[in-house]
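Participant: Here it is, the structure, as structure tokens.
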Amino acid sequence: MQSQVLVPLDGSTYAEAILPHALFFAQQTHSLLTLLRIIMPPGEPEYAVPYIPDDWYEGEVSWTKNYLTTLATRLQTQGVRVQTRHLEAISAGAAINLYAEQHSDVQLIA
1 MQSQVLVPLD
11 GSTYAEAILP
21 HALFFAQQTH
31 SLLTLLRIIM
41 PPGEPEYAVP
51 YIPDDWYEGE
61 VSWTKNYLTT
71 LATRLQTQGV
81 RVQTRHLEAI
91 SAGAAINLYA
101 EQHSDVQLIA
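Residue numbering for the sequence shown follows our numbering, starting at 1 and increasing by one per position.
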């Protein structure tokens, strides 16, 4: 089983700053690079907001897929296998822990 390097991303340049290091680690260990983004599930938010459009969730999923695919395409040109995942969860930490528990071969880089 090939090991994975898991990189949680939130769409910010701050989070993306880890990508060169994750890429290097994946190259050196011949690991699969997994880009992960957590999406808040549809429904009632934990805090009051004035308005949430009906199509918000679909837009968030679409944006996430495009974002991760763009990053994956760029990273694959560096000679590493890349996969993308998005999980639905309120807590990013809990979602990342769940993913890591389900995949015992994961190295987390955050």
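Glycine is no exception: its CB is placed at the ideal position from the N, C-alpha and C atoms.
Assign Gln2 to buried or exposed, taking buried as 16 or more other Cβ atoms, counted over all protein chains shown, within 10 Å of its Cβ.
Facilitator: The residue is exposed, with fewer than 16 neighbouring Cβ atoms inside 10 Å.
Participant: If you measure from the beta carbon of Ser31 to each beta carbon in chain C, is any gap under 8 Å?
Facilitator: Absent here is chain C; the protein component of the structure consists of one chain.
Participant: Can you tell me the Cβ-Cβ gap for Val80 and Gln27, rounded? I've got them flagged as a contact below 8 Å.
Facilitator: Indeed, because the Cβ distance is near 6 Å, the residues count as touching under 8 Å.
Participant: Could you have a look at Thr84 and say whether DSSP puts it in helix, strand or coil?
Facilitator: Of the three classes helix, strand and coil, the one that applies to Thr84 here is strand, per DSSP.
Participant: Taking the straight line between their C-alpha atoms, what separation do you get for Phe24 and Leu71?
Facilitator: If you take the alpha carbons of Phe24 and Leu71, they lie about 15 Å apart.
Participant: May I ask you to report which of helix, strand or coil DSSP gives Gln78?
Facilitator: Reduced to three states, the DSSP call for Gln78 is coil.
Participant: In the DSSP assignment, what residue or residues form a beta bridge with Val7?
Facilitator: For Val7, which the question treats as bridged, DSSP gives the partners Leu35.
Participant: Below 7 Å CB to CB, which residues in the same chain sit around Met40 once its five sequence neighbours on both sides are set aside?
Facilitator: Excluding positions up to five away in sequence, the list reads Ile90.
Participant: Measure how close the beta-carbons of Pro8 and Ala92 come, nearest whole angstrom, since I'm counting them as under 8 Å.
Facilitator: 7 Å between Cβ atoms; contact.
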